[in-house]
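Q: Heads up, the sequence shown stops at 950 in the numbering used here, and the numbers go up one at a time, no gaps. Here's a structure for you.
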Amino acid sequence: MKKKTILFAALLCFALSLAHQKSFALGFEAGAGYWWHMPSGDMAFKPVSDADKLDIEEDLNYDQEHGPFARVKIELPLILPNIYLMATPMKFEETGSKDADFTFGDITVDGRKPFDTLLKLDHYDVALYYPIPLLKTASLGKLNVELGINARIIDLEAEVSGSEAVTGAPVTESKKLTLPVPMIYAGAQIKPIDKLSIEVEGRGIAYNSNHYYDLIGRVKIKPVWLLFIAGGYRHEDIKIDVSDVETSVKFSGPFIEAGLEL
Numbered sequence: 689m690k691k692k693t694i695l696f697a698a699l700l701c702f703a704l705s706l707a708h709q710k711s712f713a714l715g716f717e718a719g720a721g722y723w724w725h726m727p728s729g730d731m732a733f734k735p736v737s738d739a740d741k742l743d744i745e746e747d748l749n750y751d752q753e754h755g756p757f758a759r760v761k762i763e764l765p766l767i768l769p770n771i772y773l774m775a776t777p778m779k780f781e782e783t784g785s786k787d788a789d790f791t792f793g794d795i796t797v798d799g800r801k802p803f804d805t806l807l808k809l810d811h812y813d814v815a816l817y818y819p820i821p822l823l824k825t826a827s828l829g830k831l832n833v834e835l836g837i838n839a840r841i842i843d844l845e846a847e848v849s850g851s852e853a854v855t856g857a858p859v860t861e862s863k864k865l866t867l868p869v870p871m872i873y874a875g876a877q878i879k880p881i882d883k884l885s886i887e888v889e890g891r892g893i894a895y896n897s898n899h900y901y902d903l904i905g906r907v908k909i910k911p912v913w914l915l916f917i918a919g920g921y922r923h924e925d926i927k928i929d930v931s932d933v934e935t936s937v938k939f940s941g942p943f944i945e946a947g948l949e950l
């Protein structure tokens, strides 16, 4: 986790250094905000049967959480791709219960007794993209469409602590996983007037029985010069089966944001 944070910070500093050179960068946008996300779905670690799947809401008692996010976009000249960086930390902790014993990794937990769980799903994005040529010019600055590739680094940590099903002894099992996910990036901005824009962006990939989709809708207002404020909705749909971790989860909810746009 720490190494990924340092790497992301280094990329951010590099991007900001490009933006600082006004003769080099054509545009710059930086924003930070809060996302209220409601989880649903299920997760498992080395499941033996479907009974080992833990329902996010019913078994783990996870409810709506909120957390910060940050993003930076740099528009570069000529044939250089534009850069889009984003960081989204996510963390859930709760005491759960289940109507049956279940296997999590190498332990079997008495589900009828309370057990504690932790789920972290931090993700960091680096996208390289281009606008569709001449579309913004032809629409007099009112429409822009972007296409590119996105690399998402997921730092996943899942932990269960409870009572062993046979002996009743305290047991703990955890799994940490760093997963790089290549994705397609697409975005669009509509500006009916100078101080208002409607934006959508999506990142996604599907392969075998796995998929990962991240969709964002945003309404942005510029009340004064460089400052913008925004509100919107974000939806993530994740289904992965890798390194004995099986997850099929969704996170959805509104967000607010403020930042600078040059």
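Each residue gets a CB set at the ideal place from its N, CA and C atoms; glycine is no exception.
By a C-beta neighbour count over all protein chains shown, 10 Å radius and 16 as the cutoff for buried, is A815 buried or exposed?
A: Along the sequence shown, read from residue 1 onward, the residue named residue 815 stands at position 127. Result: buried.
Q: Hey, how far is the Cα of S711 from the Cα of I767?
A: Counted from its first residue, the sequence shown places residue 711 at position 23. Counted from its first residue, the sequence shown places residue 767 at position 79. With a pLDDT of only 48 at S711, under 50, the local geometry of the prediction cannot be trusted, and the value read off the model is given with reservation. When rounded, the distance between both Cα atoms is 15 Å.
Q: Sorted by chain position, which residues of the same chain lie with C-beta nearer than 6 Å to V736's C-beta, five sequence neighbours on each side aside?
A: As a first step, residue 736 is located in the sequence shown; it is residue number 48 there, counting from the start. Excluding positions up to five away in sequence, the list reads T791.
Q: Going by DSSP, what residue range makes up the beta strand (DSSP E) through T825?
A: Here residue 825 is taken as the residue at index 137 of the sequence shown, counted from 1. Unbroken run through T825 is the alpha helix (DSSP H), L823 to A826; no beta strand (DSSP E).
Q: Under 9 Å, Cβ to Cβ, is there at least one residue of chain D near V930?
A: Reference to chain D is not applicable here, since this structure consists of a single protein chain.
Q: If you compare alpha carbons, which of M774, N749 and Q752 is closest to K761?
A: Here the question's residue 761 lines up with position 73 in the sequence shown. That would be M774, whose Cα lies nearest to the Cα of K761.
Q: Look at S936 and M726 and say whether their C-beta atoms are less than 9 Å apart.
A: In the sequence shown, counting from the first residue as 1, residue 936 sits at position 248. In the sequence shown, counting from the first residue as 1, residue 726 sits at position 38. No, the pair does not count as a contact, with Cβ atoms beyond the cut-off.
Q: Could you check if T783 is buried or exposed, using at least 16 other CB atoms within 10 Å of its CB as the buried criterion?
A: To locate residue 783, count along the sequence shown from 1; it is residue 95. With fewer than 16 Cβ atoms within 10 Å of its Cβ, T783 is classed as exposed.
Q: Secondary structure at D740, three-state DSSP: helix, strand or coil?
A: Position 52 of the sequence shown holds residue 740. Correct three-state label for D740: helix.
Q: Are the stretch 896-909 and the stretch 918-926 touching by the rule of at least three beta carbon pairs closer than 8 Å?
A: At 8 Å Cβ cutoff, the stretches touch.
Q: How many whole angstroms separate the CB atoms of I795 and E852, which I take to be in contact at a CB cut-off of 8 Å?
A: Translated into positions along the sequence shown, residue 795 becomes position 107. Translated into positions along the sequence shown, residue 852 becomes position 164. Going by Cβ atoms, the distance from I795 to E852 rounds to 7 Å, so yes, they are a contact pair.
Q: Please give me, in chain order, every unbroken run of the beta strand (DSSP E) with length at least 3 that falls completely inside the stretch 858-930.
A: The qualifying runs are 858-881, 884-895, 898-912 and 915-930.
Q: Could you check if T855 is buried or exposed, using at least 16 other CB atoms within 10 Å of its CB as the buried criterion?
A: Stepping through the sequence shown from its first residue, residue 855 is reached at position 167. Exposed.
Q: How many Å lie between P880 and K830 at the Cα?
A: Taking the sequence shown and counting its residues from 1, the one referred to as residue 880 is at position 192. Taking the sequence shown and counting its residues from 1, the one referred to as residue 830 is at position 142. Whole-angstrom Cα-Cα distance: 6 Å.
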